[in-house]
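K.L.:
The following block contains the structure, expressed as C-alpha cells.
Protein chains: 2
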Amino acid sequence: MSTWVEVPKNSDFTIYNLPFGIFKSKKLSPRIGVAIGDKIVDLSVLDQEGLFSNLFFPEGIFLRDSLNELIALGKTQTKKIRERVQQLLLAENGELRDHSSRGKVMVNRKEAEMLLPVKIGDYTDFYSSIEHATNVGKMFRDPENALLPNWRHLPVGYHGRASSIVVSGTPIHRPKGQSKDPDMVMPEFGPSRRLDFELELAFITGKQTKLGDYVSTEDAEEYIFGFVLFNDWSARDIQNWEYVPLGPFLGKNFGSSISPWVVTLEAMEPFRVEGPKQEPEVLPYLKCRKSHSFDINLEVFIQPEGKKSSKVCASNFKYMYWNIAQQLAHHTVNGCNINVGDMMASGTISGPTEDSFGSMLELSWKGTRAVKLEDGEERKFIQDGDTVIMKGFAEKDGIRVGFGEVTGQILPAK
Amino acid sequence: MSTWVEVPKNSDFTIYNLPFGIFKSKKLSPRIGVAIGDKIVDLSVLDQEGLFSNLFFPEGIFLRDSLNELIALGKTQTKKIRERVQQLLLAENGELRDHSSRGKVMVNRKEAEMLLPVKIGDYTDFYSSIEHATNVGKMFRDPENALLPNWRHLPVGYHGRASSIVVSGTPIHRPKGQSKDPDMVMPEFGPSRRLDFELELAFITGKQTKLGDYVSTEDAEEYIFGFVLFNDWSARDIQNWEYVPLGPFLGKNFGSSISPWVVTLEAMEPFRVEGPKQEPEVLPYLKCRKSHSFDINLEVFIQPEGKKSSKVCASNFKYMYWNIAQQLAHHTVNGCNINVGDMMASGTISGPTEDSFGSMLELSWKGTRAVKLEDGEERKFIQDGDTVIMKGFAEKDGIRVGFGEVTGQILPAK
Chain H
1 MSTWVEVPKN SDFTIYNLPF GIFKSKKLSP RIGVAIGDKI VDLSVLDQEG
51 LFSNLFFPEG IFLRDSLNEL IALGKTQTKK IRERVQQLLL AENGELRDHS
101 SRGKVMVNRK EAEMLLPVKI GDYTDFYSSI EHATNVGKMF RDPENALLPN
151 WRHLPVGYHG RASSIVVSGT PIHRPKGQSK DPDMVMPEFG PSRRLDFELE
201 LAFITGKQTK LGDYVSTEDA EEYIFGFVLF NDWSARDIQN WEYVPLGPFL
251 GKNFGSSISP WVVTLEAMEP FRVEGPKQEP EVLPYLKCRK SHSFDINLEV
301 FIQPEGKKSS KVCASNFKYM YWNIAQQLAH HTVNGCNINV GDMMASGTIS
351 GPTEDSFGSM LELSWKGTRA VKLEDGEERK FIQDGDTVIM KGFAEKDGIR
401 VGFGEVTGQI LPAK
Chain A
1 MSTWVEVPKN SDFTIYNLPF GIFKSKKLSP RIGVAIGDKI VDLSVLDQEG
51 LFSNLFFPEG IFLRDSLNEL IALGKTQTKK IRERVQQLLL AENGELRDHS
101 SRGKVMVNRK EAEMLLPVKI GDYTDFYSSI EHATNVGKMF RDPENALLPN
151 WRHLPVGYHG RASSIVVSGT PIHRPKGQSK DPDMVMPEFG PSRRLDFELE
201 LAFITGKQTK LGDYVSTEDA EEYIFGFVLF NDWSARDIQN WEYVPLGPFL
251 GKNFGSSISP WVVTLEAMEP FRVEGPKQEP EVLPYLKCRK SHSFDINLEV
301 FIQPEGKKSS KVCASNFKYM YWNIAQQLAH HTVNGCNINV GDMMASGTIS
351 GPTEDSFGSM LELSWKGTRA VKLEDGEERK FIQDGDTVIM KGFAEKDGIR
401 VGFGEVTGQI LPAK
C-alpha cells in the first residue's frame with residue numbers, strides 16, 4: 001500500500017497503522033482524528049463532507065473529547081471506519097486527495113494538541129514480564145528463588161488509580177511521601193529520593209461485560225480495542241515502605257503517562273509472534289489456541305534538562321510471559337465486569353539482557369550502579385528536570401507501525 | 001424537630017437524616033430523592049413545583065441517574081438543598097404538607113427501586129481498623145507481632161475495582177478462581193470455598209482536586225460528601241494465593257455492595273466522637289486539629305435461604321484507628337487527584353470483642369470455629385443462598401440517623 005500523504009521515512013504513522021486519538025487546536029474543539037505521517041485526518045470533517053459514503057454514525061460521534069463512544073460502536077464499525085480512512089488515503093484514490101475540503105480534513109500534527117484518548121473506567125496493572133519479576137525477586141527477596149510461588153500460575157495484577165493517568169507531555173511533580181530505609185528507626189516524610197519509570201504497554205478494552213460474566217482466551221481479542229505506551233511512574237522508597245501487605249498505592253498513583261495515539265489490535269496483526277513457553281502448564285482457563293504475543297520494539301530515553309537524550313533501554317513486548325488474552329481471561333474469570341475504556345497495563349517489560357531492563361531500579365540494580373548518559377551525565381534514578389521518553393514500534397517486511405512516544409518531565413516536589 | 005411525615009419508630013430516615021439517593025419506579029424514570037420515613041421526596045417534582053423557592057439549579061439536575069452532578073454543585077449548594085427539604089418537612093410548615101402536588105412529591109419507598117447512587121470514579125479501600133489488622137496479623141503472621149511495621153505510621157490502603165460495585169439487593173455469584181492451600185502441590189481452579197463479607201463504611205468525595213494538589217486533614221471534610229455502608233465481599237482462598245506481592249485482586253473484584261442512601265457528613269455531625277489515641281505520634285501531615293471519628297453502630301446479619309436472619313456482628317465506626325481526614329490527606333499527599341464520586345472505604349471495621357469482628361474470617365477465626373445462627377444453622381464462611389445484611393445507625397439524645405441496609409445474596413458459581 002502507498003499513500004498520497006507525504007509520510008517521512010521511519011514515521012510510526014504509516015498507512016498500515018492509522019491509530020485513533022483525540023486532538024484539539026487553537027481553532028478546533030476536541031475531536032477524533034487518525035494519524036498519518038505528520039498529519040491528522042479530522043474524522044468529524046470527513047463525516048460532514050460525506051466522505052464516509054455508506055457508513056452512518058450517531059450524530060457528532062467524532063466531536064467527542066474521548067474515544068469511548070466511538071469504541072463502543074463495536075469492532076465491526078471501528079474496523080470499517082479505519083478501513084475507509086485507509087482507502088481514502090491510498091495513492092490511487094482521489095476522493096479525498098482531490099476533494100475541495102482536503103485542507104480542512106488534513107490537520108498538521110504540529111498544530112494539534114493531543115488529549116487523553118479515552119475516559120478511563122478502571123485501570124489494572126499486571127506484572128507479566130518474567131525478567132522483571134525475576135530481577136525484582138533477586139534484589140528484594142531470594143536470588144536463588146526469585147519468583148514467588150504464584151507467579152508462573154497466574155498473571156499477577158492489581159488495581160491502579162485511573163484518575164491520575166495523563167497524556168504524554170504532561171509534567172509530573174516529584175511526589176512527597178513517607179519512606180523508611182532499613183537503617184532508620186522512624187519513617188520520614190519528604191520528596192521521593194528514588195523516582196523511577198516503568199516501561200509498559202497497555203491495552204484499552206472495547207467491549208463491555210456484565211458482572212458475573214467471563215471472557216475466554218479465545219474471545220479475549222474481541223474485547224481489546226488497541227494499545228498505548230504506558231509509563232508507570234514509581235516512587236521506589238514510598239512503595240517499599242507502604243506495599244506490604246496490600247500492594248502499591250502512593251508509590252504509583254501520583255501519575256502515569258500514556259501515549260496519545262491508540263494503535264488498534266488490527267494494525268498489530270502482522271507482528272504477531274509466538275510467546276515464551278509457559279512452564280509448568282497453565283490451568284485450562286489460561287490456555288490459548290493461538291498466539292497473542294506481538295513483536296514490538298520498545299525504547300526508553302532520558303533527557304536531562306537542556307541536554308541531549310540518551311537511550312537507556314531497548315526491550316520488546318514479545319518477552320511478556322503472560323499475554324493479553326490470558327490477562328483478560330484471568331481478570332474476568334471470577335466474574336469481574338469490564339467497561340469500554342478500561343486500561344490494562346502489562347507491567348514493566350524487561351528483556352533478558354542488562355540493556356533491556358524496563359526500569360531504573362533494574363538498570364541501576366537498586367541504585368548500586370550508575371547508568372551512563374551522554375554529555376557525561378549519569379543516573380541511578382530520575383532527577384528533577386529529567387524528561388523520560390518512551391517509544392515503541394513494530395517493523396516487518398518493510399511495514400512499520402509505531403506508537404509515537406510518551407514523554408513526561410519530572411518537576412520538583414510542590 | 002418534628003415532621004408532618006409519619007416516621008415509624010426506629011426509622012433510620014428521620015428529619016435529622018435526609019440522605020440522598022437515586023430511585024426509579026414503574027412510572028418514574030431515574031431521579032434524585034431524599035428519604036424520610038417510608039417515603040421519598042422526589043426532588044425533581046419539588047423543583048418543578050417551585051418549592052425550592054429562591055434556590056436555582058441547572059435544568060434537569062434532579063433527573064439524573066447519579067448524584068455526581070448534584071454533588072459537584074458544591075457543599076454550599078447541597079447543604080442548602082438539604083436544609084430546604086428539612087424546612088419543608090417540618091411539622092409546622094404547610095408549604096409542601098398542604099400543597100396540591102404533595103402526592104406527586106412524596107413517593108412510597110416500597111414502590112421505588114433504588115439504583116447505584118453515584119457513578120464511581122476511583123475506588124480505594126483502606127485497612128484502618130487496628131482490631132481487624134491485628135486479628136489478621138495474628139492469624140496469618142506472628143501473633144506476638146501482629147501489626148506490620150508501617151501500620152501505625154500510615155493508613156494502609158489500596159485501589160479496588162470500581163466497575164463491580166453494585167447497589168444493595170444485587171445478587172452476587174460465588175466467584176471462581178485459583179487457590180492453593182499449603183498442603184497442595186499445584187493450585188486448583190473452582191468456586192471459592194471461603195467466601196466472606198467485610199463490614200465497612202465508605203465515604204464519597206464531593207470535590208475535585210488537580211493532579212499534584214494535596215488536601216490537608218483540616219480541609220478534608222470539605223471534600224467529603226457523605227457515607228454509605230459497604231460490603232467488601234472477599235474470597236479468602238483466592239485472595240490468599242494471589243495477594244503477594246501486589247495485593248488483593250480477584251479475591252475482591254467480583255463484587256462489592258453498597259447501601260443506596262448517601263448519608264451526608266452534615267447529618268453525622270451530632271455523632272462526632274474522639275477517636276482512638278494514636279501511638280506513636282503520627283507525622284505532621286496526618287495530625288488533626290479536631291476529631292473526625294463518628295459513633296455509628298454497625299451490625300451484620302446472615303440469613304440462610306428461607307430461614308431467619310441472625311446477627312453475627314455488632315461493631316462501631318468509632319473504633320477506626322485512622323479517620324476519614326487522615327485517609328484523604330494521606331491519599332492526596334503525593335499529589336494523587338480525586339474526582340467527585342470517588343469512593344473510599346474504611347476497610348473491615350472490627351471492634352475489640354469477639355462478637356464485634358467484621359468478617360467471617362475473624363468471627364470463625366480462620367474457619368476454626370463455627371458461628372452459631374438461629375434455626376440450628378451454623379457458618380464458618382458464606383454459603384450459596386445466604387443473604388448478608390449490614391445495617392448502620394447513630395443514636396444520641398433521641399436523635400437517630402441511619403443508613404438503612406446493604407444486602408446481597410450469594411448465588412451459586414456460574
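For the record, the sequence lines run as chains H and A. Heads up: the first sequence begins at 1 in UniProt numbering, then just goes up one per residue. Heads up: the second sequence begins at 1 in UniProt numbering, then just goes up one per residue. From the three backbone atoms N, C-alpha and C, an ideal C-beta is built for every residue, glycine too. Quick caveat: nothing in here was measured; it's all calculated off a predicted structure.
Quick check on H:PHE13: buried or exposed, where buried means 16 or more other Cβ atoms within 10 Å of its Cβ?
P.N.:
By the 10 Å Cβ count, H:PHE13 comes out buried.
K.L.:
With 8 Å set as the bound, which would you pick, yes or no: does the beta-carbon of A:PHE23 sit closer than that to a beta-carbon of chain H?
P.N.:
False, the Cβ-Cβ gap to chain H never drops below 8 Å.
K.L.:
Quick one, are the C-beta atoms of A:ASP122 and H:ARG161 less than 8 Å apart?
P.N.:
The answer is yes: Cβ separation under 8 Å.
K.L.:
Using the C-alpha atoms, what's the distance from H:GLU188 back to H:GLY398?
P.N.:
H:GLY398 and H:GLU188: Cα-Cα distance of roughly 54 Å.
K.L.:
Using the rule of at least 16 other Cβ atoms within 10 Å of the residue's Cβ for burial, across every protein chain shown, is H:LEU250 buried or exposed?
P.N.:
H:LEU250 comes out buried.
K.L.:
Does any CB atom of chain H fall closer than 8 Å to the CB of A:ARG161?
P.N.:
Yes, A:ARG161 counts as interfacial toward chain H.
K.L.:
Rounded to a whole number of angstroms, what is the C-alpha to C-alpha distance between A:PRO149 and A:GLY247?
P.N.:
A:PRO149 and A:GLY247: Cα-Cα distance of roughly 17 Å.
K.L.:
Taking only beta-carbon atoms, is H:ASN253 less than 8 Å away from chain A?
P.N.:
H:ASN253 counts as touching chain A.
K.L.:
Give me the residue from A:GLY190, A:PHE294, A:SER346 with the minimum Cα distance to H:GLY335.
P.N.:
For H:GLY335, the nearest C-alpha among the options comes from A:GLY190.
K.L.:
Mapping DSSP to helix, strand and coil, what is A:ARG141?
P.N.:
A:ARG141: coil per DSSP, three-state reduction.
K.L.:
Which residues in the same chain as A:ARG84 place their Cβ atom closer than 7 Å to its Cβ, once the five residues preceding and following it in sequence are excluded?
P.N.:
The answer, listed in chain order, is PHE52, LEU55.
K.L.:
May I have a chain-ordered list of the alpha helix (DSSP H) segments no shorter than 4 residues that lie completely inside the segment 306 to 386 of chain H?
P.N.:
Taking only runs of at least 4 residues, the alpha helix (DSSP H) segments lying wholly in the segment 306 to 386 of chain H are 324 to 332, 360 to 363.
K.L.:
Mind checking if A:CYS336 is an interface residue toward chain H, Cβ cutoff 8 Å exclusive?
P.N.:
Output row for A:CYS336: interface = yes.
K.L.:
With 16 as the cutoff for other CB atoms within 10 Å, does A:SER2 come out buried or exposed?
P.N.:
When all chains shown are included, A:SER2 counts as exposed.
K.L.:
For the segment 257 to 272 of chain A and the segment 396 to 413 of chain A, state whether three or more C-beta atom pairs, one from each stretch, are separated by less than 8 Å.
P.N.:
Contact holds: three or more Cβ-Cβ distances are below 8 Å.
K.L.:
How would you call H:ALA370, buried or exposed, if buried means at least 16 neighbouring beta carbons within 10 angstroms?
P.N.:
By the 10 Å Cβ count, H:ALA370 comes out exposed.
K.L.:
Closer than 7 Å, Cβ to any Cβ of chain A: which residues of the segment 202 to 231 of chain H, in chain order?
P.N.:
So the list reads LEU211, GLY212, given in the order they occur along the chain.
K.L.:
Taking Cβ to Cβ, would you say H:SER310 is nearer than 8 Å to H:LEU373?
P.N.:
Yes, Cβ-Cβ distance for H:SER310 and H:LEU373 is below 8 Å.
K.L.:
Using a C-beta to C-beta distance shorter than 8 Å, which residues of chain H count as neighbours of A:GLY121?
P.N.:
Going along chain H in sequence order, the residues near A:GLY121 (Cβ under 8 Å) are ALA162, SER163.
K.L.:
Mind pulling the chain A residues with CB within less than 7 Å of residue 475 of chain H?
P.N.:
Within the shown structure, residues of chain H are numbered from 1 to 414, placing residue 475 of chain H beyond reach of any answer.
K.L.:
Can you tell me where the alpha helix (DSSP H) holding A:GLN87 begins and where it ends?
P.N.:
75 to 89 is the extent of the alpha helix (DSSP H) around A:GLN87.
K.L.:
Tell me the DSSP secondary structure of A:PRO276 in three-state form.
P.N.:
In this structure, A:PRO276 counts as coil in the three-state DSSP scheme.
K.L.:
Is the segment 276 to 291 of chain H touching the segment 352 to 361 of chain A in the sense that three or more CB pairs, one from each, lie closer than 8 Å?
P.N.:
Touching, no, given that fewer than three Cβ pairs across the two stretches are closer than 8 Å.
K.L.:
For A:LYS110, which option in A:VAL167, A:ALA35, A:HIS153, A:ASN145 has the closest C-alpha, if you only look at C-alpha atoms?
P.N.:
Among A:VAL167, A:ALA35, A:HIS153, A:ASN145, the Cα nearest to that of A:LYS110 belongs to A:ALA35.
K.L.:
How many whole angstroms separate the CB atoms of A:LYS207 and A:VAL340, which I take to be in contact at a CB cut-off of 8 Å?
P.N.:
At roughly 7 Å, the Cβ-Cβ gap stays under 8 Å, so A:LYS207 and A:VAL340 are in contact.
K.L.:
Does the CB of A:TRP241 have a neighbour CB from chain H at under 8 Å?
P.N.:
Yes - at least one Cβ of chain H is within 8 Å of the one on A:TRP241.
K.L.:
Just to confirm, are H:GLU144 and H:ALA345 a CB contact at a threshold of 8 Å?
P.N.:
Taking 8 Å as the Cβ cut-off, H:GLU144 and H:ALA345 do not qualify as a contacting pair.
K.L.:
Quick one, are the C-beta atoms of H:PRO30 and H:ILE40 less than 8 Å apart?
P.N.:
The answer is no: Cβ separation not under 8 Å.
K.L.:
Within 8 Å, do at least three Cβ pairs link the segment 322 to 336 of chain H to the segment 215 to 229 of chain H?
P.N.:
Flag = yes, the segment 215 to 229 of chain H and the segment 322 to 336 of chain H touch.
K.L.:
Output, in chain order, the set of chain H residues within a Cβ distance shorter than 9 Å of A:LYS414.
P.N.:
The contacting residues are GLY212, ASP213, TYR214, GLY335.
K.L.:
Would you say A:LEU250 lies against chain H (beta-carbon separation less than 8 Å)?
P.N.:
By this cut-off, A:LEU250 is an interface position.
K.L.:
Under 8 Å between C-beta atoms, does H:GLY157 make it to chain A?
P.N.:
It does; some Cβ of chain A falls within 8 Å.
K.L.:
Which two residues bound the contiguous beta strand (DSSP E) that contains A:ASP42?
P.N.:
That run of the beta strand (DSSP E) goes 39 to 42.
K.L.:
Would you say H:PHE62 and H:ILE32 are within 8 Å of each other, going by their C-beta atoms?
P.N.:
A contact, by the Cβ cut-off of 8 Å.
K.L.:
Where do the N-terminal and C-terminal ends of the beta strand (DSSP E) with A:SER298 fall, by residue?
P.N.:
Reading the sequence as shown, one finds Leu at residue 298 of chain A and not Ser. That run of the beta strand (DSSP E) goes 297 to 303.
K.L.:
Using alpha carbons as the reference points, say which of H:GLN178, H:ALA394, H:LEU88 lies closest to H:ALA50.
P.N.:
It should be noted that the sequence gives Gly, not Ala, for residue 50 of chain H. Residue H:LEU88 is the option with its Cα nearest to H:GLY50.
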